[in-house]
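Be aware that the sequence shown starts at 18, since it is given in our numbering, and climbs by one per residue. Below: the structure, in structure tokens.
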Amino acid sequence: ADGQAVMATGARKDRVWDAAAGRDAGREARAIEAAIAAALARNGRLRHHRITATAGPDGLVTLTGTVPTQSLRREVELSCWTVPGVRRLHDNLIVGH
């Protein structure tokens, strides 16, 4: 009887739900980058500026490029925040060029 109890206890494994199971981080990053590019292209004031959004792990987006004014910089940031999956934003935009 003890042998069966050990087997029954040993066979039961608690499963911990893993939200990241089956995720493709590279594909998610590319999807975020494409969605940001589309959001910027839809904005007539932003589409003519060279702005690059690079998505990394855990929804970190890094912005690089130049914009002529601080208000356009803020518009770029706000456009990025509309994209699902963006969790953090690192703004390296240069203002005034």
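Ideal Cβ placement from N, Cα and C applies to all residues, glycine included.
Cα-Cα, which of the options is closest to residue i?
i	options	result
V78	H66, Q87, E94, V112	E94
A52	R62, H107, P101, D75	P101
A48	D108, R62, V103	V103
A54	T99, D75, P74	T99
Excluding sequence positions up to five away, which residues of its chain have a Cβ less than 6 Å from the Cβ of residue i?
i	result
T71	T79
R50	It should be pointed out that residue 50 corresponds to Glu in this sequence rather than to Arg. Correct list, in chain order: A70, A72.
Using the rule of at least 16 other Cβ atoms within 10 Å of the residue's Cβ for burial, across every protein chain shown, is residue i buried or exposed?
i	result
R64	exposed
Please go through the same chain and pick out, in chain order, the residues whose beta-carbon is closer than 8 Å to the beta-carbon of residue i, but skip the five residues on each side of it.
i	result
L110	I68, L80, T81, G82, T83, V84, R90, V93
Quick one: what's got a C-beta closer than 7 Å to residue i's C-beta in the same chain, skipping five residues either side?
i	result
V112	V84, T86, Q87, R90
D75	R104
**Prompt:** Quick check: the segment 56-68 against the segment 39-46, are there 3 or more CB pairs under 8 Å?
**Reply:** No, the segment 56-68 does not touch the segment 39-46.
**Prompt:** In chain order, which continuous runs of the beta strand (DSSP E) of length 3 or greater are located wholly inside the segment 48-86?
**Reply:** For the segment 48-86, whole beta strand (DSSP E) runs of length 3 or above, ordered along the chain, are 68-72, 77-84.
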